[in-house]
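Residue numbers (our numbering): 941 to 1257. Notes to accompany the following structure.
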Ligand code: UVW
C-alpha cells in the first residue's frame, strides 16, 4: 500500500494568497467581496423570497456533527415551573420569564470555520504561527469574519439533482469540472467571485440511518487536485458553502489524506468554509423556477478567539 503523504509534501506547489491582503489579514478571500460584489448579489433578486439555510440546533431528530463532537445540550434555567417552588426570582409587578442556555461546540451546527481552524506544518492562514492558536485563536479567528459579514452573489449547484439522486453517497466525489457541468445543466454559469453553495443532501442519511450513519464515516464532496485549487484561485471564489459536515470528501481516495481541501483552500487561499447548511427548500424552489442565483448574506456570531461559530445564512431570490 502506498504511504499517505503529509500535507506539506502534497501541497508543496499549491498556490497561496498569503500576504495578498497585507500581513495582518484575517478574512482572506472574503476581501474579494467588494461593494460591487454586494450589488451584483442584490441584482439577482427577482421575487424577494427569503430562504434561511441554518439547521435547527437541538433538533428532536438529532444534530449531525463531525465525529468526536457532540450535539448541543440545551437546558431550561427558568420556566413557569420555577415559580412552583421557593427561591424563584421575584420582580415587582409579578413578572415571570423563561431563560435557557446551550452547551455546544461552536462548530456543532451550521457554521463558519475561522481561517485559523485548520493548519499544517506549524503555520495557518497568512503564515501565522500555529502557536497563536494556543488557548484561543489570536489570529484568524472567526471574529473578523463575523465583524465583516459575507454578502455576494450565491449560486446553488445541486449535485444530487444533477446526478439524478436523492442524495450523494458515502465517499462519492466531484470536481470543479462537475460543478461547471452542473451549472450548465441548470442553465447558469459560475462567475468569478461567486459564493458556491453545493447541495449533496447527504445528511438525509443521518436522519434515515441513525447511529449507522457514522460507520465508515466518509462524506461525499469535492476532491483535491492541483487543477481544482488553481480554478478556485483563478475564479477568486470567496466562500464555499455546503450541506455536509466538512465540505469535501473526508478521506481523499487518491492519496489517503484527510480534508486536504481545508488545507489547500482555507489555509492557503483563504477561502472561507460554511458547513452543515440545510439547502432543501432553496433547492426545491430553484428547481421549480429555474433561478439558481440569489443574494447570499451571512454573518457568524462574534465570538472572541473562536475557531468557528454558528450562522443562519440567507439566500434571497
Ligand atoms: C474539521 O475540519 C475537523 O471540522 P469542520 O467540519 O468544522 O471543518
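Note that the Cβ used here is the ideal one computed from N, Cα and C, for glycine as well. From a predicted model like this one, the values you see are computed outputs, not experimental measurements.
Going by C-alpha to C-alpha distance, which of the options sits closest to residue i?
i, options, result
"residue 1191", "1200, 1043, 985 and 1185", "1200"
"residue 1111", "1125, 1193, 981 and 1221", "1193"
"residue 1072", "987, 1057 and 1152", "1057"
"residue 1205", "1228, 1164 and 1253", "1164"
"residue 1166", "943, 952 and 1243", "952"
"residue 1041", "1035, 1209, 1016 and 1026", "1016"
"residue 1243", "1144, 1024 and 1079", "1079"
"residue 949", "1137, 1195, 971 and 980", "1195"
"residue 1153", "1109, 1132 and 1119", "1109"
"residue 1253", "1221, 991, 978 and 979", "991"
"residue 1176", "1161, 1209, 1138 and 1145", "1209"
"residue 947", "976, 957, 959 and 1062", "1062"
"residue 1226", "971, 1102 and 1075", "1102"
"residue 1006", "1183, 955 and 961", "1183"
"residue 977", "1104, 960 and 1236", "1236"
"residue 956", "1065, 1087 and 1137", "1065"
"residue 1219", "1033, 1028, 1172 and 994", "994"
"residue 943", "1202, 1223, 1026 and 1197", "1197"
I'd like to confirm something about residue i: is its beta-carbon nearer than 7 angstroms to some heavy atom of ligand 1, or not?
i, result
"residue 1057", "yes"
"residue 1220", "no"
"residue 1047", "yes"
"residue 1210", "no"
"residue 1248", "yes"
"residue 1215", "yes"
"residue 1186", "yes"
"residue 1006", "yes"
"residue 1116", "no"
"residue 1134", "no"
"residue 1199", "yes"
"residue 1053", "yes"
Starting from residue i, follow the alpha helix (DSSP H) in both directions and report where the run begins and ends.
i, result
"residue 981", "975-982"
"residue 1168", "1166-1175"
"residue 1040", "Here residue 1040 belongs to no alpha helix (DSSP H); instead the beta strand (DSSP E) covers 1039-1043."
"residue 905", "As displayed, the chain neither begins before 941 nor continues past 1257, which places residue 905 out of reach and without an answer."
"residue 1220", "1220-1229"
"residue 1326", "Beyond the ends of the chain as shown, which are 941 and 1257, falls residue 1326; an answer cannot be given."
"residue 1028", "It is not in any alpha helix (DSSP H) - residue 1028 carries neither H nor E in the DSSP assignment."
"residue 1145", "1144-1149"
"residue 1153", "Note, residue 1153: premise wrong, no alpha helix (DSSP H); not H, not E."
Skipping 5 residues on each side, what residues in its chain have a beta carbon closer than 6 angstroms to that of residue i?
i, result
"residue 1044", "1012"
"residue 1019", "1038"
"residue 989", "1257"
"residue 1119", "1097"
Is the CB-CB distance between residue i and residue j below 8 angstroms?
i, j, result
"residue 1249", "residue 1046", "yes"
"residue 1179", "residue 1135", "yes"
"residue 1093", "residue 980", "yes"
"residue 1159", "residue 1142", "yes"
"residue 1223", "residue 1133", "no"
Report all residues from its chain with a CB closer than 8 angstroms to the CB of residue i; omit the five preceding and five following residues, and keep chain order.
i, result
"residue 1247", "1046, 1047, 1053, 1054, 1056, 1057, 1073, 1077, 1081 and 1082"
"residue 1123", "1095, 1097, 1129, 1130 and 1232"
"residue 1127", "1230 and 1232"
"residue 1010", "1045 and 1048"
Let's see if you can read the secondary structure: which residues bound the beta strand (DSSP E) around residue i?
i, result
"residue 1051", "1051-1053"
"residue 1014", "1013-1018"
"residue 1135", "1135-1139"
"residue 1084", "Segment 1083-1088 is the alpha helix (DSSP H) holding residue 1084; no beta strand (DSSP E) there."
"residue 1255", "1254-1256"
"residue 1234", "1233-1238"
"residue 1191", "Per DSSP, residue 1191 belongs to no beta strand (DSSP E) and is neither H nor E."
Verify the CB distance criterion: does residue i have a CB-CB separation below 8 angstroms to chain C?
i, result
"residue 1054", "Absent from the structure: chain C. Only one protein chain is present."
Ignore the nearest five residues each way along the sequence and tell me which others in residue i's own chain have a CB closer than 7 angstroms to its CB.
i, result
"residue 1014", "998, 1040 and 1042"
"residue 1004", "1143, 1146, 1185 and 1216"
"residue 893", "Residue numbering for the chain in the displayed model covers 941 to 1257; residue 893 lies beyond these limits and cannot be assessed."
"residue 1022", "1028"
CB of residue i to nearest heavy atom of ligand 2: below 7 angstroms?
i, result
"residue 1202", "What this structure holds is ligand 1, not ligand 2."
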